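Worksheet for the structure shown next.
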Amino acid sequence: MAELTYRDAVARGIAQEMSRDADVVFLGEDVAKAGGVFKATVGLLEQFGPLRVRDTPISEQAILGAAMGAAMTGLKPIAEIMFSDFIAVCFDYLANEFSKSRYMTNGQVKCPLVVRTGNGGGSRFGAQHSQSVENWCMMIPGLKVVAPSTPRDVIGLLAAAVRDPDPVIFFEHKSLYATKGEVEDGEIVDALGTAKIVRAGSDATILALALMVPRALAAAEKLKAEHGIDCEVIDVRSLVPLDTQTILRSVASTHRLFTVEENPRLCGWGAELVSIVADEAFYHLDGPPVRITTPHIPLPAADFLEDMAMPTVDRICGTVRRSLQA
Amino acid sequence: MDVLMPQLGETVTEGKVIKWFKSAGDAINSGDNLFEIETDKVSMEVPSIEAGVLTEIRVKEGEIAPVGGVVAVIGPPNGAAAPPVASSVPMPVPLAAKPTPAAPKVTAAAASAPRTPLKLGPFEEVRSPKRNFGPAKLPNGVTVTPLARRLAGEGGVALSRLKGSGPHGRIIGGDVEAALSSGAPRTMAPLPAAFADPVKSLYRGVPFEEIALDGMRQIVAARLLEAKQTIPHFYVSADADLERLLTLRDDTNAAAPKDTAGNPAFKLSINDLVIKAFAMALHRVPSANAVWASDRILQFRRVDIGIAVAVDGGLLTPVIRQAETKTVFEISFEMKDLAARARSRRLKPEEYQGGVASVSNLGMYGVSSFSAILNPPQSTILAVGAGQRRPAEIPGGGIRFTTQMTMTLSCDHRVVDGALGAELLTALKSIIENPVSMLI
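The listed protein sequences derive, respectively, from chains A and B.
To convert a position in the first sequence, counted from 1, into this note's numbering, add 129.
To convert a position in the second sequence, counted from 1, into this note's numbering, add 775.
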């Protein structure tokens, strides 16, 4: 057992898979020599050499195009898109090419690749480098979408993503890179499509993802201490596949649902989850499901405004309390 | 998964369980016979359409359940060892089953429980509830959460008798649980009548359009059903000669001052005069100017009369207060204002609540006579037909045609006995036939 940062967990997770399987390669902008702009891939070039750990030109299409070709011809590439906002630049590969190849070739051409990308706000990077875009990928048939919130989940879910036979988009949260967590020694392999109850509670279920998980947890502690409201917090972890069983079971026992999303409100992932719960667990609901989101705005760069826009512990507390009591 | 009492015929409303083939705890395969039922028309064995474990028998041998009522509950197959059943979807959540005391409450531990992967078709990614537990809004305007509706439906709790403890008086799950544990009055298991399915099944293959109930329709339905079912109505009718009343109306209207555009300052209607006459009659017969109040009668000095106003999608009954003290002109002006605001739905509740009696006039549609349902808590309602030319015997013999109308008084027999109802109607007839008294 060791304490590890989220950032170091990325490097350890990649190393774990590259050591295990010689077909796993890693490419992206500044990932090799510089160890990544977020210093999340330090040491990989030294450990695995320039053939398997490659710096690329500043061309997202080239990165994903190369990764797709490598995956189609037998390798298991991990590609990094530095900021998830840039997924828009190479969206054709995501939306039309590698997400569809298995289906359109009747299984003859598989695409077992992982796209790692720095996602989310809170780091004052402005509207084009701070977006939370996991919902962009969630809506595309053929993609799997993962977003870990802890160092341990980074390693375990990255391993699961690399070993998955289909393309997985792996959202690392930029504002979590410096956070720490306990990680056991040895190989860690988790499962896609599994949510985790990170705090048990009886009065309401709060669904959260990535950076919103620690905020939801802090809000739950505050709600308990100040208002006696006992919230169950679920780290959704994987949007596709989605662990509806854990979520529905929780709602069936707490009877109230809140989602905490960094996505701008329109078509954020919470909308889909609320829709599933409203449909399947309707007669377990003892009040309206409520979404707590970033408003539908470009994320401001100014620290004060960015903090106002994203869901905060106080906003989560206030919304849950009002909805349960008012 | 709830096992429901099946519909065994168009007119069958309940069935009796005469034999159980399975016991609680038994594993059930789809197609296994569960129980045998008997109705006044038929007896048959009921097979399961789900696989799983029979977790609860709600209706034992010899007991009766309404059609659509929950007879038993089938839970998902036991443990992880049970193979996933391809043909049926084991519920991930105990969607239907109420947690039995033995079942542990779902906690964090459940997350580590073995997962049974669900096999879902591409068009069945979401499993909607297979039953409906009634509307969110009760006829009395109180809202009920989905959880509370399900618990009430499964437990047979009459929601209309509960007081909501949730925000804005919402009835929440806890309120129903409290009622269940306190042994509050129950309806006969879930009310199948509340569900449209049994009715729709009678019209299978017949095209129809479903019209959702708005709040007004729900209230009208609930109040009138309650009135007709719980108030002992009786009816008395009489014809009134309108000749003098019409003359009075025509002369008065003809004498109305006109403004520069030629519009008269007022225009009295027969209805205005009938309201005034009915108010005077109730004033003259004070015993009938009263309402039933469960364990006593409330008798009034003043006469507040409601007037049924047809509005888009229903009706409202605004009340003219102290009508016995108001002139026909005052009543006429007030009636025009109330009717206009009723049609635009801008009446305040205090303007249509209370009252001791009502007038319902369908004369303008040409009906000869009809009988009306009382508007609770009022004790009488006057149903007014059209003025029609009818033959009448004149003093000294012979026949003359006069304008007459038939009035039918509906009475709450708890307050107004037959003789009293007759006395009231006779007083009314006398005032209408001698209308000058209205002006005094």
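Yeah, the Cβ is synthetic: ideal placement off N, Cα and C, and Gly gets one too.
Note that the coordinates shown come from a computational prediction; the quantities given were computed from them, not determined experimentally.
LYS351(A) in three-state terms, based on DSSP: As a working note, residue 351(A) is residue 222 in the first sequence. In the structure shown, the three-state DSSP call for LYS351(A) is helix.
Along chain B, which residues have their Cβ under 9 Å away from the Cβ of ASP150(A)? Position 21 of the first sequence, counted from the first residue, corresponds to residue 150(A). Within chain B, no residue has its beta carbon less than 9 Å from that of ASP150(A); the closest one is some 25 Å off.
Looking only at its own chain, which residues have a Cβ that is under 6 Å from the Cβ of ASN1209(B), when we skip the five neighbours before and after it? Residue mapping note: residue 1209(B) aligns to position 434 of the second sequence, counting from 1. Excluding five sequence positions before and after ASN1209(B), none of the CB atoms of its chain fall closer than 6 Å to its own CB.
Which whole-angstrom value describes the C-beta separation of LEU242(A) and MET197(A), a residue pair presumed to lie in contact below a C-beta threshold of 8 Å? Taking the first residue of the first sequence as position 1, residue 242(A) is located at position 113. Taking the first residue of the first sequence as position 1, residue 197(A) is located at position 68. Between LEU242(A) and MET197(A) a beta carbon distance of about 7 Å is seen, short of the 8 Å cut, so the two are scored as contacting.
At 7 Å on the CB atoms, spell out the chain A contacts of THR920(B), in chain order. On the second sequence, position 145 is the one that residue 920(B) refers to. Chain A residues near THR920(B): LEU414, ASP415 and GLY416.
From ALA1117(B) to ASN907(B), what distance separates their C-alpha atoms? Position 342 of the second sequence, counting from 1, holds the residue named residue 1117(B). Position 132 of the second sequence, counting from 1, holds the residue named residue 907(B). Approximately 34 Å between the Cα atoms of the pair.
Looking at the structure shown, is ALA802(B) part of a helix, part of a strand, or coil, going by DSSP? Within the second sequence, residue 802(B) is the residue found at index 27, counting from 1. In the structure shown, ALA802(B) sits in a strand (DSSP, three-state: E or B).
Selection from ASP972(B), LEU829(B), GLU929(B) and GLY944(B) that minimises the alpha carbon distance to GLU952(B): Here residue 952(B) is taken as the residue at index 177 of the second sequence, counted from 1. Among ASP972(B), LEU829(B), GLU929(B) and GLY944(B), the Cα nearest to that of GLU952(B) belongs to GLU929(B).
Cutting at 7 Å between CB atoms, please list the residues of its own chain near TRP265(A), excluding the five before and the five after it. As a working mapping, residue 265(A) is identified with position 136 in the first sequence. Taken in chain order, the residues that qualify are ILE216.
Distance, GLY909(B) Cα to VAL845(B) Cα: Mapped onto the second sequence, residue 845(B) falls at position 70. Mapped onto the second sequence, residue 909(B) falls at position 134. Distance from the CA atom of VAL845(B) to the CA atom of GLY909(B), rounded to whole angstroms, is 15 Å.
Taking the alpha carbon of GLY806(B) as the reference point, which residue from ALA826(B), ILE812(B) and GLU813(B) has its own alpha carbon closest? The sequence position of residue 806(B) within the second sequence is 31, counting from 1. Ranking the options by Cα distance to GLY806(B), first place goes to ALA826(B).
Taking all protein chains shown into account, decide if SER188(A) is buried (16 or more other Cβ within 10 angstroms of its Cβ) or exposed. Residue 188(A) sits at position 59 when you count from the first residue of the first sequence. Exposed, since its Cβ has fewer than 16 Cβ neighbours within 10 Å.
In the DSSP assignment, the alpha helix (DSSP H) including VAL1049(B) goes from what residue to what residue? Sequence index remark: in the second sequence, residue 1049(B) carries index 274 (1-based). Looking at the DSSP string, the run of the alpha helix (DSSP H) that includes VAL1049(B) is 1045-1059.
Return the first residue and the last residue of the alpha helix (DSSP H) that TYR91(A) is part of. Residue 91(A) cannot be examined here, being either before or after the span of chain A that is shown, 130 to 455.
Three-state secondary structure (DSSP) at ILE284(A)? On the first sequence, residue 284(A) is found 155 positions in, with the first residue counted as 1. It is helical.
Would you mind reading off the limits of the alpha helix (DSSP H) that contains GLU1198(B)? Locating residue 1198(B) in the second sequence gives position 423, counting from the first residue. Unbroken alpha helix (DSSP H) run through GLU1198(B): 1193-1208.
Compute the Euclidean distance between the alpha carbons of ARG231(A) and VAL442(A), then round it to the nearest angstrom. Position 102 of the first sequence, counted from the first residue, corresponds to residue 231(A). Position 313 of the first sequence, counted from the first residue, corresponds to residue 442(A). So the two alpha carbons sit approximately 42 Å from each other.
Taking only beta-carbon atoms, is PRO1007(B) less than 7 Å away from chain A? Locating residue 1007(B) in the second sequence gives position 232, where the first residue counts as 1. Judged by the 7 Å Cβ criterion, PRO1007(B) is not in contact with chain A.
Is the CB of PHE112(A) under 7 Å away from at least one CB in chain B? The structure shown does not extend to residue 112(A), since chain A is modelled only from 130 to 455, so the question has no answer here.
Should GLY1130(B) be flagged as near chain A, meaning a C-beta pair shorter than 7 Å? Within the second sequence, residue 1130(B) is the residue found at index 355, counting from 1. So no, GLY1130(B) is outside the interface.
Which chain B residues are close to HIS425(A), counting only those with a beta carbon under 7 Å from its beta carbon? For this step, residue 425(A) is matched to residue 296 along the first sequence. In chain order: nothing, as chain B lies at least about 25 Å away.
Grouping DSSP H, G and I as helix and E and B as strand, with all else coil, what is GLN1163(B)? Stepping through the second sequence from its first residue, residue 1163(B) is reached at position 388. Note: GLN1163(B) maps to strand in three-state DSSP.
Is the region 324-343 of chain A close to the region 246-262 of chain A, with three or more CB pairs under 8 Å? Proximity of the region 324-343 of chain A to the region 246-262 of chain A meets the contact definition, three or more beta-carbon pairs being nearer than 8 Å.
What ranges does the beta strand (DSSP E) occupy inside the region 1083-1108 of chain B, keeping only unbroken runs of at least 3 residues that lie completely in it? Qualifying beta strand (DSSP E) stretches, in chain order: 1084-1086 and 1089-1091.
Where GLY941(B) falls: helix, strand or coil (DSSP): In the second sequence, residue 941(B) corresponds to position 166, counting from 1. It is coil, neither helix nor strand.
Where are the alpha helix (DSSP H) runs, 4 residues long or more, that stay fully inside the region 337-391 of chain A, in chain order? With a minimum length of 4 residues, the continuous alpha helix (DSSP H) runs that stay inside the region 337-391 of chain A are 341-356 and 373-383.
Compare the C-beta of ARG833(B) with all C-beta atoms of chain A and state if any pair is closer than 7 Å. Here residue 833(B) is taken as the residue at index 58 of the second sequence, counted from 1. So, not an interface residue.
Look up PRO841(B) in the DSSP assignment and give the residues it is bridged to. Counting from one through the second sequence, the residue named residue 841(B) turns up at place 66. GLU789(B).
So is HIS258(A) in contact with chain B if we call contact Cβ pairs under 7 Å? Reading the first sequence from its first residue, position 129 is the one you call residue 258(A). Output row for HIS258(A): interface = no.
Tell me which residues share the same chain as ALA1197(B) and place their Cβ nearer than 6 Å to its Cβ, disregarding the 5 neighbours each side in the sequence. The residue you call residue 1197(B) lines up with position 422 of the second sequence. Excluding residues within five positions, the ones whose Cβ falls inside 6 Å are VAL1011.
If GLU361(A) sits next to ARG394(A), beta carbons under 8 Å apart, how far is it from one beta carbon to the other, in whole angstroms? Taking the first residue of the first sequence as position 1, residue 361(A) is located at position 232. Taking the first residue of the first sequence as position 1, residue 394(A) is located at position 265. At roughly 23 Å, the Cβ-Cβ gap does not stay under 8 Å, so GLU361(A) and ARG394(A) are not in contact.
With a 10 Å radius around its C-beta and 16 neighbouring C-beta atoms as the bar for buried, classify MET439(A) as buried or exposed. As a working mapping, residue 439(A) is identified with position 310 in the first sequence. With 16 or more other Cβ atoms within 10 Å, it is buried.
C-alpha distance - ALA140(A) paired with ASN235(A), whole-angstrom precision: Taking the first residue of the first sequence as 1, we reach residue 140(A) at position 11. Taking the first residue of the first sequence as 1, we reach residue 235(A) at position 106. Between ALA140(A) and ASN235(A), the C-alpha separation is close to 35 Å.
Rounded C-beta distance between ILE192(A) and GLY157(A)? I'm assuming under 8 Å. The residue labelled residue 192(A) in the question sits at position 63 within the first sequence. The residue labelled residue 157(A) in the question sits at position 28 within the first sequence. About 6 Å separates the two Cβ atoms, so the contact holds.
Classification of SER818(B) by the beta-carbon crowding that lies within 10 angstroms, buried from 16 upward: The residue you call residue 818(B) lines up with position 43 of the second sequence. Result: exposed.
Under 8 Å, with one C-beta from each stretch per pair, do the region 1024-1043 of chain B and the region 1175-1193 of chain B reach the 3-pair mark? Fewer than three Cβ pairs drawn from the region 1024-1043 of chain B and the region 1175-1193 of chain B lie within less than 8 Å of each other, which leaves the two stretches out of contact.
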